[in-house]
Amino acid sequence: MYQNITLRQLGLCALLLATATGCDKVLDQTPPFALTQEDAFANADRIQKSAVGMYDQLQNAEFLGGRALIYSDIRSDDTNPAGFFGGIGTFNPLANDGTVTNAWTGGYRTIYGPNFFLQQIAKNPGKVSPTLEQNYIGEAKFIRALTYFHLVNLFAQPYNFTADASHLGVVLQLDAPDAATAFDASQAKPRSTVKEVYTQIEKDLTEAIVGLPETYTTTFDKTARATKDAARTLLSRVYLYEGRYADAARLAGEVVTGGRHSLTSTPAVPFTLATFSNVESIFSVAMNVSDNPNTNNALGQHYGRRFDISVNPYALIPVAQFPADDRRRLLLLTPSTIPTSTSSPLVYTKKYNEASADYVPITRYAETLLNRAEGLAQTTGVTAEAVSLLNLVRDRSKPATSVSYTISSFANAQALVDAILLERRLELAFEGHRYYDLMRYKRNSSRITYGAEKAILPIPQVDILQNPNLVQNPGY
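In structure tokens, the structure reads:
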């Protein structure tokens with residue numbers, strides 16, 4: 001899998017991981033080129049810095065530094081076609097599309113970080129306490145699972161595309177070869193099935209839950225580092241995508257009963273610079289103006305500063321479903337001041353207003369509540385708990401004149417599921433969910449049909465040429 005990364009880049013990957021801090025601080029006065037892999041894992045302090053360095057890898061400008069979420073949302077029915085991103089937003093990318101290639105490579109460069117860490121920590125046992133070692137291992141597995149979740153949904157059809165998820169997914173790369181072994185024949189790996197990829201994601205998250213802490217002592221770490229609740233919420237999402245609704249409800253329920261998170265006072269709080277670290281944001285990829293994916297890639301640049309993505313379809317959701325005075329409409333949408341040739345101004349989201357400093361939202365408590373509500377609705381039907389969970393999210397934003405849901409509001413379980421999916425659309429907009437929610441329910445977007453060949457991205461042509469064991473997606 002690493003065959004399209006140059007030898008020089010591979011040599012630097014391990015070095016950068018070993019010397020990164022996540023905040024771009026100087027570790028010591030030793031020149032970085034003098035550090036070896038053995039040096040980086042020589043003692044507890046350096047292992048801790050290498051663990052935090054994995055989050056620098058997670059900030060990859062082409063992937064979860066922001067764009068992986070964008071590549072879901074610009075194909076949904078909530079945005080206008082976004083031509084800035086090559087053929088991705090218009091459903092016509094070529095196999096040699098540079099944006100697609102960068103996304104694929106960015107995902108695997110992110111994965112190299114936790115793979116390298118896991119490989120090295122296994123070679124250096126006993127340097128930190130058993131509890132701390134399991135914590136670090138849990139962080140590595142969470143980061144790897146999160147990255148694979150986005151990779152497999154970008155480059156493969158949804159889990160339920162075949163009855164047993166036996167269709168092709170992405171390459172499972174679970175080791176970190178060095179410059180000497182990167183071009184071994186064993187590294188020309190084929191694509192695993194979607195089932196195999198999801199099984200690995202489940203394994204990583206299940207093991208991460210065991211090793212991760214419930215929380216951290218500092219406010220920053222509570223949001224910016226993986227916790228048990230972050231892994232539980234992500235795993236509950238994975239189970240929803242697989243149709244394992246009882247398991248989804250169970251995992252989300254563990255977060256709800258844990259009492260470590262709650263909804264903030266308004267839907268805008270999790271997206272405000274001063275409040276990125278808050279009780280609702282369970283895990284985010286942390287950013288700041290000095291440590292960000294640059295002006296061409298940051299969420300805040302694309303959505304809020306450069307205006308590359310307009311969201312008129314979302315703003316035009318009928319008021320019967322999305323009232324004019326819903327707080328998400330009032331606080332998180334804005335018309336453009338840029339003149340257009342049409343009578344209707346372009347509309348933009350205000351979730352990302354800080355340009356390059358916006359955190360990338362990965363798991364929020366609002367999602368956890370809706371995950372459990374959906375899992376319950378699919379397994380036990382219309383229940384007081386499922387309706388109550390839905391109301392918790394909806395009532396924060398709905399106008400005072402709109403009544404809360406009751407059990408009698410829903411004729412059957414499907415009506416409740418549909419209401420939950422609508423609330424996911426309203427609440428989690430532009431956080432990477434909508435397109436995948438449509439696909440996992442085999443529903444068409446207004447812009448493409450479920451199962452269409454171009455509904456997923458092509459495997460980059462450069463990788464196909466360099467790895468004879470890779471198979472291209474149909475239609476490319």
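For the sequence shown, counting from 1, position 166 maps to 166 in the UniProt record's numbering; every step adds exactly one.
Every residue, glycine too, gets a C-beta built ideally from N, C-alpha and C.
Which of the three DSSP states, helix, strand or coil, is assigned to residue i?
i, result
"Gln466", "helix"
"Ile448", "coil"
"Asn288", "strand"
"Val403", "coil"
"Arg275", "In the sequence on display, residue 275 carries Thr and not Arg. DSSP places Thr275 in helix when its eight states are reduced to three."
"Thr215", "coil"
"Gln119", "helix"
"Lys49", "helix"
"Ile88", "coil"
"Ala44", "helix"
"Phe63", "coil"
"Gly475", "coil"
"Val26", "In this predicted model, Val26 has a pLDDT of only 42, less than 50, meaning its place in the structure is not dependable enough to derive any value."
"Val256", "helix"
"Pro130", "helix"
"Pro460", "coil"
"Tyr108", "helix"
"Arg443", "coil"
"Phe430", "coil"
"Gln9", "With a pLDDT of only 45 at Gln9, under the threshold of 50, the placement of this residue in the model should not be trusted, and no figure is reported."
"Val238", "helix"
"Asn160", "helix"
"Pro114", "helix"
"Asn124", "coil"
"Leu263", "coil"
"Gln200", "helix"
"Thr21", "Here the model assigns Thr21 a pLDDT of 45, short of 50, so the residue's position is not dependable, and the following value carries that caveat. Coil."
"Arg75", "coil"
"Gln187", "helix"
"Pro81", "coil"
"Gly138", "helix"
Is residue i near the ligand HEM, in the sense that its beta carbon is under 8 angstroms from a heavy atom of that ligand?
i, result
"Ile362", "The model depicted lacks the ligand HEM and carries no ligand whatsoever."
Output needed for residue i: all residues of its chain with C-beta closer than 6 angstroms, excluding positions within five of it in sequence on either side, in chain order.
i, result
"Phe41", "Ile47, Gln120, Asn124"
"residue 498", "The question about residue 498 has no answer, for the chain in this structure spans 1 to 476."
"Pro335", "Pro345, Val347"
"Ala145", "Ile201, Asp204, Leu205"
"Asp313", "Inspection of the sequence shows that residue 313 is occupied by Pro rather than by Asp. The residues are Asp77, Asp78."
"Tyr476", "Ala95, Pro458"
"Gln134", "Gly211"
"Ile464", "Leu470, Gln472"
"Arg394", "Glu423"
"Arg440", "Pro158, Tyr241"
"Ala208", "Gly138, Lys141, Phe142, Ala231"
"Arg396", "Leu263"
"Glu62", "Asn102, Ala103, Gly106"
"Gly253", "Arg372"
In chain order, what residues of the same chain lie with their CB nearer than 8 angstroms to the CB of residue i, ignoring the 5 residues before and after it?
i, result
"Val311", "Asp78, Thr79, Asn80, Leu333, Val347, Tyr348, Thr349, Ala429, Phe430"
"Arg329", "Ala315, Phe322, Pro323"
"Val417", "Glu374, Ala377, Gln378"
"Gly98", "Gly86"
Who pairs with residue i in a beta bridge, going by DSSP?
i, result
"Thr193", "Leu168"
"Val360", "Val285"
Who are the Cβ neighbours of residue i in its own chain at under 7 angstroms, not counting the five residues just before and after it?
i, result
"Pro93", "Gly86, Gly87, Val100, Leu457, Pro458"
"Ala82", "Ile74, Gly89, Asp308, Ile309"
"Glu242", "Tyr159, Tyr198"
"residue 487", "Coverage of the chain is limited to positions 1 through 476, which leaves residue 487 absent and any answer about it impossible."
"Leu392", "Leu263, Leu369"
"Arg260", "Glu214, Thr215, Asp229"
"Pro67", "Note that residue 67 corresponds to Arg in the displayed sequence, not to Pro. Contacts found: Ala103, Asn297."
"Arg443", "Tyr450"
"Leu58", "Leu64, Thr110, Ile143, Val285"
Runs of alpha helix (DSSP H) lying entirely within the segment 299 to 350, each at least 4 residues, in chain order: DSSP runs (the alpha helix (DSSP H)) wholly in the segment 299 to 350: 312 to 315, 327 to 332.
The segment 126 to 136 in contact with the segment 175 to 194 per 3-pair CB rule at 8 angstroms: As far as the Cβ criterion goes, the segment 126 to 136 does not touch the segment 175 to 194, which means the pair count is below three.
Inter-stretch contact at 8 angstroms, needing at least 3 Cβ pairs: the segment 397 to 417 / the segment 274 to 285: Judged by Cβ distances under 8 angstroms, the segment 397 to 417 makes no contact with the segment 274 to 285, as fewer than three pairs qualify.
Given 8 angstroms, three or more beta-carbon pairs between the segment 387 to 396 and the segment 286 to 299: Verdict: no, contact absent.
Inter-stretch contact at 8 angstroms, needing at least 3 Cβ pairs: the segment 317 to 334 / the segment 358 to 369: No: fewer than three Cβ pairs fall under 8 angstroms.
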